[in-house]
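Peer 1: Sharing a structure, written as structure tokens. Questions coming.
Residue numbers (this note's numbering): 27 to 933.
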């Protein structure tokens, strides 16, 4: 189990105890002591869990965390939501939670905040988000209440860069034809507040260059001025619908540290879309002075909307439906809105794939408490979702060896029974849709019959009904709650390993259902089916795997059916091999099968003819345990092998005795050992890869792991199997660009020093390299990154020399403060202090800071420490360090660095 998963699991368990004991929550220190992991690593993962919605952070001293599942909704209702402007945003605590946190961080950043770019399709709410950022800045008192909020659409002047400059910076009388008086620009108008530049992708390269000069220096000239510089303190928000890499200059992008993506309407949860529909109809009810009743069919149609207009399109459709219904019911006090009232062009495009709402929506413009916002899974699924979370938890506990398999089965059966009861007794409306229910039920019936005929797995009683209900209920739950529709591959991987046969049976059902119906099974449903068959069928996980491979249309399947049915057990998996299909094609299918089962107990392969060595050579890299291959397959041989497998004889005895009894040839092979390796690669050539290989090799020394520099194209076309075939067990690939290699973990070079990858590096090198050397590796890489970043920014100083001097400064801070700085923080300090030294040499240092006096009183020790640490550098360059510069360094070390990682701010 990875470190982050252990942190997640421990947080949930400790949160329960904290709430029971009346404590505020759990600290990073508590979890770090339990896991034996550094506190800053735990803190980083806790903050990531907060951003993902799995945890809640309480910003006190020390900082406390609670698992989000344990915080009741009623507690949230007690909060005063009217203070925070972002509470007006639907999804502020859901799908937009991370986006809102980024916007808040940009707004409150010291001095003049941070420039921020909002991305997303047209109509997703970028302009509204920009206005909320402005309101939040006023709310947090980082700008005055009277501060301006100026909006400008760059598309209006996309083809006239000079006129764009005149609008942005203003112009002097006589600067050009028509300039009849001195005129201020948007920057001057936005001084002290915000300037929102919409459609920034329409800004020409010339316009971008003029703007980033102001972003850098905070000064500008009006058009026509030559001997006067003006200054302004402006906060910037940019918005675009385009790919930033394609429309903005790199030099411009580098000056915008925060990028926030606003998701499209179809990416928002059902509850958020329903809230939007309710709010829009409530606004129209007030506008026309009538209460409304919106039919469930209208609600389901609007929730299913999938158009380029996004929220704007949804709002227009709702306004149009109200207008149509109002026109036809002028005398009615309550107006009903039905499908016929929707715009014709929308009705023609609507395709309702899921039923989200079984009740009409009531809108009362006066009495808000009478309004109804209900959908299928709002009440009925509460218990089911709780049990799903319980199941995920016990799977994680099983993976972490917190519980044994006997305890796991008992707990999982308990949760399954609660889900069964809820589905059967509280979801009677499912069978109201007779056509849908009968269609799914018939497909499930056929799947279960196929399962019994092919694998000898018998199901009894109401299995068909339970699986049918599960297909409908789980689909609706995942549509409503996007978090449950997430990727649960880790839990599935655990079940593959621990309950491989049950997982395979569930997968057979899934394959038949997806192949017959227009239905995609979510990971949660696959987990449910796996546990259900584990409960239903007695399968010995310690048995070896058994495969039958035979030529002919259904030869292998027929022999498998006889053996499995005879013993009423899932023993063999068949692979039919038509005459015109190559051996390698079938072997590929077998390898895919073995990759999804637990092969620790070994595998027996029964074949009708062919080379035993050839088959073993292809399978040895996907089987962990021993491999036994027997040729000349027959029904008698299959029954003999099946009987011995059921009696738990070891593989070597089975292949020997069955070969003697059936006069067959056999081979027995032991698994070979492969050399561990890390591969480094670069899309631009082997040069950068060789440099990084040199850094890693130097630190690793004589450790039992090899660093290999590989050409990018050769890595792209390889898989884990290809590396293993040449004798390497590749643990990690480090690439300069995004890359996917089947079966191998990949980290991009720029992410190598991030705290998120720290656990990956330590996991790969654990037991191979000493802890001290791992730290050296990361520090050398940080210096490498820093050097690349400042090469293009320093103008008069030697980058190589500066990096070594700054490295010494950072190291002294770590020693003096008794803190281990994370990679992201080190990189930020390398770049900032390097640029600081050059500014000091150029006499452009920052001389004042608004918090100087307060800082001097509270942090005199840090001031003395900084002056001592910088003494040699200041002496060498004959410069002095202002108090303002020390304050900024202190802020970087102790406060959150936006868009990278956070430093643990506990004492």
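Note that the Cβ used here is the ideal one computed from N, Cα and C, for glycine as well. Values in this document were obtained by computation on a predicted structure and should not be read as measured data.
1) Straight-line CA distance for residue 837 to residue 83?
2) Please state whether DSSP places residue 730 in a helix, a strand or coil.
3) May I have a chain-ordered list of the alpha helix (DSSP H) segments no shorter than 4 residues that lie completely inside the segment 631-703?
4) Quick one: what's got a C-beta closer than 8 Å to residue 513's C-beta in the same chain, skipping five residues either side?
5) Which class does residue 757 belong to by DSSP, given the choice of helix, strand or coil?
6) With DSSP run on the structure shown, which of helix, strand or coil describes residue 520?
7) How about residue 671 and residue 645: are their beta carbons less than 8 Å apart?
8) Judging by CA-CA distance, which residue of 119, 52, 56 and 43 is the nearest neighbour of residue 78?
9) Is the CB-CB distance between residue 179 and residue 224 below 8 Å?
10) Give every residue of the same chain whose Cβ lies closer than 8 Å to the Cβ of residue 207, excluding the five residues on either side of it in the sequence, and list them in chain order.
11) I'd like to check one pair, residue 629 with residue 568: are the Cβ atoms closer than 8 Å?
12) Rounded C-beta distance between residue 261 and residue 233? I'm assuming under 8 Å.
13) Can you list, in chain order, the residues of its chain with a C-beta nearer than 8 Å to that of residue 114? Leave out the 5 residues immediately preceding and following it.
14) State the DSSP-derived secondary structure class of residue 227, mapped to helix, strand or coil.
15) Could you name the residues that DSSP lists as bridge partners for residue 387?
16) Starting from the N-terminal side, write out each stretch of the alpha helix (DSSP H) that is 4 residues or longer and does not extend beyond the segment 144-221.
17) Please work out which residues of its chain come closer than 7 Å, Cβ to Cβ, to residue 123, disregarding the five sequence neighbours upstream and downstream, and give them in chain order.
18) Whole angstroms is fine: what's the gap from residue 626's alpha carbon to residue 648's?
19) Report the option in 619, 593 and 607 whose CA atom is closest to the CA atom of residue 599.
20) I'd like the list of long-range same chain contacts for residue 766, defined as Cβ closer than 7 Å, with 5 residues on each side in sequence excluded.
21) Can you name, in chain order, every residue of its own chain whose Cβ lies under 8 Å from the Cβ of residue 492, other than the five neighbours on each side?
22) Is the beta carbon of residue 291 sitting closer than 8 Å to the one on residue 299?
23) Just the Cα atoms here: how many angstroms apart are residue 309 and residue 556?
24) By a C-beta neighbour count over all protein chains shown, 10 Å radius and 16 as the cutoff for buried, is residue 311 buried or exposed?
25) Excluding the 5 residues flanking residue 831 on each side, which residues of the same chain have their C-beta closer than 6 Å to its C-beta?
26) Along the beta strand (DSSP E) that carries residue 577, what are the first and last residues, could you check?
27) With 16 other CB atoms within 10 Å as the buried threshold, where does residue 666 fall?
28) Should residue 349 go down as buried or exposed, given a rule of 16 or more other Cβ atoms within 10 Å for buried?
29) Would you say the segment 282-297 touches the segment 135-155, given that touching needs at least three Cβ pairs under 8 Å?
30) In terms of residues, what are the limits of the beta strand (DSSP E) holding residue 825?
31) Using DSSP with H/G/I as helix, E/B as strand and the rest coil, what is residue 989?
32) Measuring alpha carbon to alpha carbon, tell me which of 47, 71 and 594 ends up nearest residue 36.
33) So, for residue 481: in the same chain, excluding its five sequence neighbours on each side, which residues have a beta-carbon less than 6 Å away from its beta-carbon?
34) Name the residue from 660, 278, 246 and 243 whose alpha carbon lies nearest to the alpha carbon of residue 231.
35) Helix, strand or coil for residue 257 per DSSP?
36) Rounded to whole angstroms, what is the Cα-Cα separation between residue 62 and residue 792?
Peer 2: Reading off the structure:
1) 30 Å
2) Coil.
3) 638-645, 661-672 and 677-688
4) Result list for residue 513: 549, in chain order.
5) strand
6) Of the three classes helix, strand and coil, the one that applies to residue 520 here is helix, per DSSP.
7) The answer is no: Cβ separation not under 8 Å.
8) 119
9) yes
10) 199
11) no
12) Not a contact, Cβ separation roughly 19 Å.
13) 158
14) helix
15) 320
16) 152-165, 187-195 and 212-215
17) Here the set comprises 79.
18) 10 Å
19) 619
20) 772
21) 446, 449, 450 and 558
22) yes
23) 47 Å
24) buried
25) Excluding residues within five positions, the ones whose Cβ falls inside 6 Å are 899.
26) 571-577
27) buried
28) Residue 349 comes out exposed.
29) yes
30) Residue range 825-843 is occupied by the alpha helix (DSSP H) that includes residue 825, with no beta strand (DSSP E) assigned at that position.
31) Absent from the model: residue 989. The displayed extent of the chain is 27 to 933, so no value can be given.
32) 71
33) 590 and 596
34) 278
35) strand
36) 14 Å
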